[in-house]
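Just so you know, we're using numbering that gives the first Met the number 0 here: the sequence shown kicks off at 0 and counts up by one. Below is one structure, written out as structure tokens; the observations come after it.
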Amino acid sequence: MSRASPYGFLLRYARQDAWGWVAIFVITLASTGASLLAPWPLKVLVDQVLGQSARSGLTSWLPGAGTDTGLLTWVVVATLMVFTAATVLDLVLTFLWVRVGQGMVWRHAGDLFAAVQRRSLAFHQRNGVGDTMQRVMGDCWAVHTVVDTLLFSPLHNVLLTGGILALMWALDPVLTVVAVAVVPAMAWASLKMGGRVRRAGELRRRVLGQLQALLHQSLTGMPVVQAFGQEDRVHASFVALSAQAVAAERRTALVGSVNGLLVGLVTTGGQAVIVFLGARRVLTGDMTVGSLLVFLAYLWTLQASLTSLAGIYTALQGVRPQVDRVMEVLDAAPEVVDGAGVLAGRAAGHVRLEEVVFSYEAGRPVLHGVSFEALPGELVALVGATGAGKSTIAGLVMRFFDP
């Protein structure tokens, strides 16, 4: 692969809808703000309505907030307003992401299809129609995952993490330091599992490609399969590949579960420490119950956000097999190249092959030193068993591929 960064190459599809991404950025900012406001009505409810804390800040000048019933009404209204705003913003964000993301995916699929048509017949001989269809219609979604993993998700989580840390620091600096202490352990777990996730993904994509290729070949060649009574053999091949597919899916699920377990152990340990220390600070009067509840709500959101950020490497490793498969098509050098200044002349009908060796796959030649000459006006017959290379020689004469 000649490109230094296949991820960078795929990210260029995002630049083709710049205004769409600007809209996504603006809505993401607003959605992040709504998420940060969500726990505060609960703090007011616990501390000032159910508790004995005096009215302060915003609640001190709200009309009717001087009574518990009036303040409770404001808490309910604020909760509904924040929820409604967050829901509407999420709907708009989802719509924008679908519009921008779908357009990006199908532009990428169109480029893949165009590149597939430019590949030589040797490529199509090496890769069955089913495998190629999987690349164009399935692996093309790699661009969606890459852009989401490298742009959209980090943008949202960085904004959310920054806002949460600022508010957590305002609530209690000591607990905030303890909360971020788990970050190195989460990063270690992600790096530890990244390679395993990639290898499991490579096996899964390869087996699924082989299975789809077998299905396409068998269904399109059904008359031949039935004519030669090969139904049982084809079915046995399908069962064998299906077993490999199940094993690959099982391995992928196992690796993902282990990764989730490692991250979960780290985050749960951090939560336990925060709950213990936070409760002690409430008992000593250094923190109110409402502030602790808001802090814990932010903590859970923060850990989910940090888990997403720490999982970027693992997610990229998981999608790397699909990226490699699409880049094999998009980034391949032409296999049939004309020399400089070569012009097509009149065909003389003179064909000569001299010690021609050809292979569709490296190390597995199908022609071994073939030599013959057909002069103009002569009739030459190529005779041989199926698979002897007759069609390959015809393709070489037409320059569908080069020896």
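Ideal Cβ positions, reconstructed from N, Cα and C, are used throughout, including at glycine.
Integer Cβ distance of residue i from residue j, believed to fall under 8 Å
i, j, result
"Leu170", "Val293", "7 Å"
"Met132", "Gln211", "7 Å"
"Val115", "Val135", "6 Å"
"Thr251", "Ala199", "4 Å"
"Val196", "Gln316", "5 Å"
"Arg106", "Gln15", "7 Å"
"Asn156", "Leu308", "5 Å"
Residue i - partner residues in DSSP beta bridges
i, result
"Glu372", "Arg351"
"Glu360", "Arg363"
Classification of residue i by the beta-carbon crowding that lies within 10 angstroms, buried from 16 upward
i, result
"His234", "exposed"
"Val328", "buried"
"His367", "exposed"
"Gly219", "The sequence given here places Thr at residue 219; Gly does not occur at that position. Counting Cβ neighbours within 10 Å, Thr219 comes out exposed, since fewer than 16 surround it."
"Arg324", "buried"
"Leu253", "exposed"
"Gln101", "exposed"
"His349", "exposed"
"Pro222", "exposed"
"Arg398", "exposed"
"Ser370", "exposed"
"Leu49", "exposed"
"Pro375", "exposed"
"Gly289", "buried"
"Met0", "Confidence in Met0 is poor, its pLDDT being 47 and thus under 50, which makes the residue's placement too unreliable to answer from."
"Gln302", "buried"
"Asp231", "exposed"
"Met40", "Per the sequence shown, the amino acid found at residue 40 is Pro instead of Met. Under this definition Pro40 is a buried residue."
"Val43", "buried"
"Leu291", "buried"
"Ser304", "buried"
"Val76", "exposed"
"Trp60", "exposed"
"Val74", "buried"
"Ala314", "buried"
"Ala108", "buried"
"Ile151", "The amino acid occupying residue 151 in the given sequence is Phe; Ile does not appear at that position. Buried is the call here."
"Ala178", "buried"
"Leu159", "buried"
"Thr86", "exposed"
"Thr58", "buried"
"Leu282", "exposed"
"Leu421", "No statement about residue 421 is possible, as the shown extent of the chain runs from 0 to 402 and does not include it."
Pair within 8 Å by beta-carbon distance, residue i and residue j
i, j, result
"Ala361", "Arg118", "no"
"Arg203", "Ala247", "yes"
"Pro26", "Val99", "Just to set this straight, residue 26 is Ile in the shown sequence, not Pro. Cβ atoms of Ile26 and Val99: not closer than 8 Å."
"Val322", "Val265", "no"
"Arg351", "Glu377", "no"
"Ala13", "Val81", "no"
"Leu88", "Ala29", "yes"
"Gly388", "Val365", "yes"
"Gly137", "Leu213", "no"
"Ile311", "Pro153", "yes"
"Val142", "Leu261", "no"
"Leu71", "Gly19", "no"
Close Cβ partners of residue i (< 7 Å) along its chain, the five nearest in sequence each way excluded
i, result
"Gly162", "Thr31, Leu35"
"Ser52", "Asp46, Thr287"
"Trp168", "Thr175"
"Val396", "Val350"
"Ala296", "Pro38"
"Gly127", "Ala212, His215, Gln216"
"Asp67", "Val48"
Nonlocal neighbours in the same chain, by C-beta distance under 8 Å from residue i, ignoring five residues either side
i, result
"Ala244", "Arg203, Val206, Leu207, Leu210"
"Ser241", "Leu210"
"Trp140", "Val104, Gln321"
"Trp299", "Gln270"
"Arg249", "none"
"Ala278", "Leu291"
"Arg54", "Gln47, Ala64, Gly65, Leu70"
Cutoff 6 Å; reference residue i; Cβ partners in own chain excluding five residues on either side
i, result
"Arg280", "Met286"
"Gly63", "Gly69"
"Val420", "Given that the chain is displayed from residue 0 to residue 402, the structure contains no residue 420 and the question cannot be resolved."
"Val379", "Ala373"
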